[in-house]
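Okay, so here's the structure we're looking at.
Residue numbers (this note's numbering), protein chains in the order written: chain A, 367 to 561; chain B, 367 to 561.
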């Protein structure tokens with residue numbers, strides 16, 4: 367195997383990159399300058415050293431606590447619960463939410479052997495009590511596991527007296543009724559809003 | 367910008383990888399082990415040092431001449447002319463062709479300022495004379511530039527007495543008439559074969 371094939375093999379081990387794309391990427395890199403390759407390589411090698419979990423919310427960060435947890439301008443009585451660290455980034459990009467986050471580290475999935483104990487749920491309850499949270503917004507994915515986890519959390523949190531809400535589920539903006547699946551359409555009926 | 371964003375930024379500079387995929391890849395790499403990252407990084411850094419152009423065919427290779435040019439079992443009277451080094455790999459994958467290759471290094475594209483002089487055409491004529499080639503198969507892409515280059519080469523090579531052929535163009539195998547564009551359909555009529 368030559369250097370191009372080896373590099374293509376590494377690319378093809380990444381999610382969403384097939385054998386053809388991997389070869390194309392390796393060939394592309396033959397034409398870029400060495401500086402870019404060295405910078406790219408350095409970023410790969412130092413990634414694990416630079417990124418840690420935030421000790422408060424469980425998100426990825428370079429500084430602990432993370433920039434969101436340590437930002438005094440965030441709405442500190444709002445807590446958004448997400449599955450994975452990357453969900454924090456996705457929600458931040460929408461610029462809609464200004465509160466705090468809590469990363470569960472997964473969802474309840476009995477078939478995969480993931481129960482509530484494997485998730486950061488105890489920590490969540492503790493934060494709700496200690497940090498004076500008034501509303502918990504559950505932003506797990508609208509999947510079976512995400513919904514199960516949301517229901518579990520809602521029951522657990524209802525005892526603490528905070529408001530518990532769930533992100534709206536329905537037709538995507540710019541979507542088309544014709545292409546909506548039955549479940550999404552059913553949910554958009556159940557969750558309909560009045561003008 | 368933190369380490370994840372920096373890495374995502376590098377990924378997004380690669381062809382075919384958008385901002386979302388780049389972020390997804392960076393997050394994926396947070397979960398893989400450090401060995402893979404170091405190997406990947408090493409492949410990137412050493413790529414340019416390890417890969418050179420073959421002094422005979424102009425393809426990418428670690429050894430000079432390349433494994434194809436130096437293989438005595440290839441059909442040495444057949445020469446396939448391609449645009450780019452990666453085309454050699456693509457054709458090799460089909461396992462249909464057992465002759466030699468010649469990489470032009472591009473196509474004649476007056477609008478981009480590429481004339482015949484910028485391509486490895488003199489070298490091609492020299493090889494045809496010296497290496498006892500009997501057939502030149504022109505495998506430039508079926509684009510305007512690729513066809514122009516093929517026509518140019520055909521005229522040039524017709525003086526040398528070798529057979530000059532061009533890869534068949536038409537409907538892709540597994541394709542559907544309904545989805546074929548007009549030009550491809552027209553070509554598949556012109557290039558029709560009898561049973």
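Backbone N, C-alpha and C fix where the C-beta goes; we use that ideal spot for every residue, glycine too.
Point to revise | CB contact check: residue 507 of chain B to chain A, cutoff 9 Å | key: Indexing the second chain from 1 puts residue 507 of chain B at position 141. So no, residue 507 of chain B is outside the interface.
Exercise for review: Return the CA-CA distance between residue 535 of chain B and residue 514 of chain B, expressed in angstroms with no decimal places.
Suggested key: Locating residue 535 of chain B in the second chain gives position 169, where the first residue counts as 1. Locating residue 514 of chain B in the second chain gives position 148, where the first residue counts as 1. The alpha-carbon separation between residue 535 of chain B and residue 514 of chain B amounts to approximately 15 Å.
Check your understanding: Is DSSP giving residue 427 of chain A helix, strand or coil here?
Key -> Start at 1 with the first residue of the first chain, and residue 427 of chain A comes out as number 61. Three-state DSSP puts residue 427 of chain A in a strand.
Review point. Is it buried or exposed for residue 427 of chain B, if we count other Cβ within 10 angstroms and need 16 for buried?
Key: The residue you call residue 427 of chain B lines up with position 61 of the second chain. Classification for residue 427 of chain B: buried.
Point to revise | Contact set between residue 405 of chain A and chain B, taken where Cβ atoms lie within less than 8 Å | key: In the first chain, counting from the first residue as 1, residue 405 of chain A sits at position 39. The answer, in chain order, is 376.
Point to revise | Cβ of residue 383 of chain B within 9 Å of any chain A Cβ | key: The residue labelled residue 383 of chain B in the question sits at position 17 within the second chain. By this cut-off, residue 383 of chain B is an interface position.
Review point. Given that a residue counts as buried once 16 or more other Cβ atoms are within 10 Å of its Cβ, and exposed if not, what is residue 462 of chain A?
Key: Here residue 462 of chain A corresponds to residue number 96 of the first chain, with the count starting at 1. Exposed, by the Cβ-count rule.
Review point. Would you call the segment 514-525 of chain A and the segment 476-491 of chain A in contact, with 3 or more CB pairs under 8 Å?
Key: yes
Exercise for review: Look at the alpha carbon of residue 387 of chain B and the alpha carbon of residue 545 of chain B, and state the distance between them as a whole number of angstroms.
Suggested key: One-based indexing of the second chain puts residue 387 of chain B at position 21. One-based indexing of the second chain puts residue 545 of chain B at position 179. Computed Cα separation, rounded: 29 Å.
Exercise for review: Taking only beta-carbon positions, decide if residue 492 of chain B is within less than 9 Å of chain A.
Suggested key: Mapped onto the second chain, residue 492 of chain B falls at position 126. Chain A contact via Cβ: absent.
Check your understanding: Taking DSSP as the reference, what is the three-state secondary structure of residue 555 of chain A?
Key -> For this step, residue 555 of chain A is matched to residue 189 along the first chain. Note: residue 555 of chain A maps to helix in three-state DSSP.
Review point. Mind checking if residue 462 of chain B is an interface residue toward chain A, Cβ cutoff 9 Å exclusive?
Key: Locating residue 462 of chain B in the second chain gives position 96, counting from the first residue. No, no contact with chain A.
Practice item. Would you mind telling me which residues of chain B sit closer than 8 Å to residue 390 of chain A, beta carbon to beta carbon, in chain order? Key: Looking up residue 390 of chain A in the first chain gives position 24. 381, 382, 452, listed in chain order.
Practice item. Measure from the C-beta of residue 470 of chain B to each C-beta in chain A and report whether the shortest distance is under 9 Å. Key: For the purposes of this step, residue 470 of chain B is identified with residue 104 of the second chain, where counting begins at 1. Not an interface residue.
Practice item. Whole angstroms is fine: what's the gap from residue 409 of chain A's alpha carbon to residue 373 of chain A's? Key: Taking the first chain and counting its residues from 1, the one referred to as residue 409 of chain A is at position 43. Taking the first chain and counting its residues from 1, the one referred to as residue 373 of chain A is at position 7. The alpha-carbon atoms of residue 409 of chain A and residue 373 of chain A are separated by roughly 16 Å.
Review point. Would DSSP call residue 475 of chain A helix, strand or coil?
Key: Along the first chain, read from residue 1 onward, the residue named residue 475 of chain A stands at position 109. Residue 475 of chain A falls in the strand class under three-state DSSP.
Check your understanding: Opposite residue 531 of chain A in the DSSP bridges: which residues?
Key -> As a first step, residue 531 of chain A must be located in the first chain, where it is residue number 165. Looking at the DSSP assignment, residue 531 of chain A forms a beta bridge with A:503.
Check your understanding: Using a Cβ-Cβ distance under 9 Å, would residue 436 of chain A count as near chain B?
Key -> Taking the first chain and counting its residues from 1, one reaches residue 436 of chain A at position 70. Taking Cβ atoms only, chain B never reaches closer than 9 Å to residue 436 of chain A, which makes this a no.
Practice item. Can you tell me which of the three DSSP states residue 446 of chain A falls into? Key: Translated into the one-based positions of the first chain, residue 446 of chain A becomes position 80. Three-state result, residue 446 of chain A: strand.
Check your understanding: Comparing the C-beta of residue 499 of chain A with each C-beta of chain B, is any distance below 9 Å?
Key -> Against the first chain, residue 499 of chain A aligns to sequence position 133. Taking Cβ atoms only, chain B never reaches closer than 9 Å to residue 499 of chain A, which makes this a no.
Check your understanding: With DSSP run on the structure shown, which of helix, strand or coil describes residue 441 of chain A?
Key -> Locating residue 441 of chain A in the first chain gives position 75, where the first residue counts as 1. Residue 441 of chain A: strand per DSSP, three-state reduction.
Point to revise | Option in B:405, B:450, B:476, B:553 with minimal Cα separation from residue 504 of chain B | key: Walking along the second chain from the start, residue 504 of chain B turns up at place 138. Here the closest residue by C-alpha is B:450.
Exercise for review: Taking residue 472 of chain A as the reference, give the member of A:464, A:460, A:453, A:458 with the closest Cα.
Suggested key: Locating residue 472 of chain A in the first chain gives position 106, counting from the first residue. The shortest C-alpha separation from residue 472 of chain A is found at A:453.
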